[in-house]
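> Numbering of the sequence shown is given in the working numbering, commencing with residue 28 and proceeding in unit increments.
From the three backbone atoms N, C-alpha and C, an ideal C-beta is built for every residue, glycine too.
From a predicted model like this one, the values you see are computed outputs, not experimental measurements.
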Amino acid sequence: MCIRISLLLLLSLVFSCKETSLEKSFQIKTPTFDTFPINASVRAIEVVDELNMWFAAGEGMFGYTEDGGNSWTQDSIKIGDKPLEFRAIAITEEAVFLLSTGSPAYLLRSENKGQSWEEVYKEELPGTYYNSLKFWDKMEGIAVGDPTESCLSVIITRDGGKTWKKVSCESLPQAAEGEAGFAASNTNIALRGDHVWLATGGAKARIIHSADKGRSWEVYDTPIIQGGQMTGIFSVDFLDEKNGIIFGGDWEKQDAQQKTKAITNDGGKTWRLVSNGDTPGFRSCVQYVPGSSGKGILAVGSPGISYSMDAGESWVNLNDEGFYTIRIADSGKAAWLAGKNRIMKMSW
28 MCIRISLLLL LSLVFSCKET SLEKSFQIKT PTFDTFPINA SVRAIEVVDE
78 LNMWFAAGEG MFGYTEDGGN SWTQDSIKIG DKPLEFRAIA ITEEAVFLLS
128 TGSPAYLLRS ENKGQSWEEV YKEELPGTYY NSLKFWDKME GIAVGDPTES
178 CLSVIITRDG GKTWKKVSCE SLPQAAEGEA GFAASNTNIA LRGDHVWLAT
228 GGAKARIIHS ADKGRSWEVY DTPIIQGGQM TGIFSVDFLD EKNGIIFGGD
278 WEKQDAQQKT KAITNDGGKT WRLVSNGDTP GFRSCVQYVP GSSGKGILAV
328 GSPGISYSMD AGESWVNLND EGFYTIRIAD SGKAAWLAGK NRIMKMSW
């Protein structure tokens, strides 16, 4: 109850000074919080709408709700006697996909809501560690992982996820030594139109970009903190083909606020730090709020939940509840959050 009251007061203070398109879509009412225990660490979720969402987690667990969390269908997957570690999930009109980390990595496809699964891709190279998975449409999708050779691991499907092909390093920018991705929130991939942006961390914090669904590539530098094993971009989101945001920081120094967030207005070619040296510090997932014309942005991480109403220029820390990832319903009136042993729905 204390959390609900304090959040209401904070939102009232933030929004009382002026009426905007964001205010109309993000109504100033007492938000409701519904928490659902999950016996695993959840870093991958996909939201269909306010009532329907899927999750993938550790211990081979996956599940979904179709009634806003009132009831859940859950199951787990093992290969032999070993449960898979899921960090990525994607949903199309025809199928659900789960992607595991580690070597071997398994990409599984189901057309019957998880009652049965088909293995559509397997990778056993040393160093295999896939981070994220997304689809442009029901036919074409992409997944990205840490380098196993001289470039990021990128696999693409053109047939609805039935077959996948790994992109040759001859076609991709060369990865720096110590550069990789983060499987923290299933959001180091962003898609808009035919574009895809891949975010990296570690030795470098860069954006790998394709304007033609992965047929050709270019690389852009960013000002996000980099050079350490756990520094860099943890999450990327784009409002359209020009305007985007990246968020991350240093996992080992999560209170540090320098060089954690930046925006672009030219499709990722150049990036400008925002709210540099100011709240918040590390966040593992960032998402635009639908219906806010790019002004509203939510970001979550283990230190808490933060919100911007001016396209990322300034931020308010809503509370210190830790989550790994967030997805916002297209209505812009509800969000699903996931973290350690729980999923939460926030409605307003």
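Thinking N215 and N292 are a contact (beta carbons under 8 Å), I'd like their distance in whole angstroms, please.
Here the question's residue 215 lines up with position 188 in the sequence shown. Here the question's residue 292 lines up with position 265 in the sequence shown. So it is not a contact: roughly 21 Å between Cβ atoms.
> Between which two residues does the beta strand (DSSP E) harbouring E150 extend?
In the sequence shown, residue 150 corresponds to position 123, counting from 1. Looking at the DSSP string, the run of the beta strand (DSSP E) that includes E150 is 145-150.
> Taking all protein chains shown into account, decide if T128 is buried (16 or more other Cβ within 10 angstroms of its Cβ) or exposed.
In the sequence shown, counting from the first residue as 1, residue 128 sits at position 101. Counting Cβ neighbours within 10 Å, T128 comes out buried, since at least 16 surround it.
> Going residue by residue through the segment 306-359, where are the continuous beta strand (DSSP E) segments of at least 3 residues, counting only ones entirely within it?
312-315, 324-328, 331-335, 343-346, 352-355
> Can you tell me which residues form a DSSP beta bridge with V411?
Any answer about residue 411 is impossible in this case: the structure gives the chain only from 28 up to 375.
> Could you pull the start and end residues of the beta strand (DSSP E) that G275 belongs to?
Translated into the one-based positions of the sequence shown, residue 275 becomes position 248. 271-277 is the extent of the beta strand (DSSP E) around G275.
> Measuring CA to CA, which of T297, G308, L300 is closest to Q281?
By 1-based counting over the sequence shown, the position of residue 281 is 254. Comparing Cα-Cα distances from Q281 to each of T297, G308, L300, the minimum goes to G308.
> Given this structure, state the Cα-to-Cα distance separating I183 from D76, to the nearest angstrom.
Locating residue 183 in the sequence shown gives position 156, where the first residue counts as 1. Locating residue 76 in the sequence shown gives position 49, where the first residue counts as 1. One C-alpha to the other measures close to 26 Å.
> Taking the beta strand (DSSP E) that K240 belongs to, which residues open and close that run?
Numbered from 1 along the sequence shown, position 213 holds the residue referred to as residue 240. Careful: K240 lies outside any beta strand (DSSP E) and carries neither H nor E.
> Evaluate S358 with the Cβ neighbour count: other Cβ atoms within 10 Å of its Cβ, from every protein chain shown; 16 or more gives buried, anything less gives exposed.
Along the sequence shown, one-based indexing puts residue 358 at 331. Burial call: exposed.
> Exposed or buried, what is R299 when buried is set at 16 or more other beta-carbons lying within 10 Å of its beta-carbon?
Residue 299 sits at position 272 when you count from the first residue of the sequence shown. Per the 10 Å Cβ criterion, exposed.
> Please report the straight-line C-alpha distance between R242 and A202, rounded to a whole angstrom.
On the sequence shown, position 215 is the one that residue 242 refers to. On the sequence shown, position 175 is the one that residue 202 refers to. Rounded to the nearest angstrom, the two C-alpha atoms are 18 Å apart.
> Taking 8 Å as the limit between beta carbons, can you name the residues of its chain near S333, skipping five residues before and five after?
The count along the sequence shown starts at 1 and reaches residue 333 at position 306. T306, P307, R310, L325, A326, V327, W342, V343, N344, L345.
> For D61, does the three-state DSSP call read helix, strand or coil?
The residue given as residue 61 occupies position 34 in the sequence shown. In the structure shown, D61 sits in a strand (DSSP, three-state: E or B).
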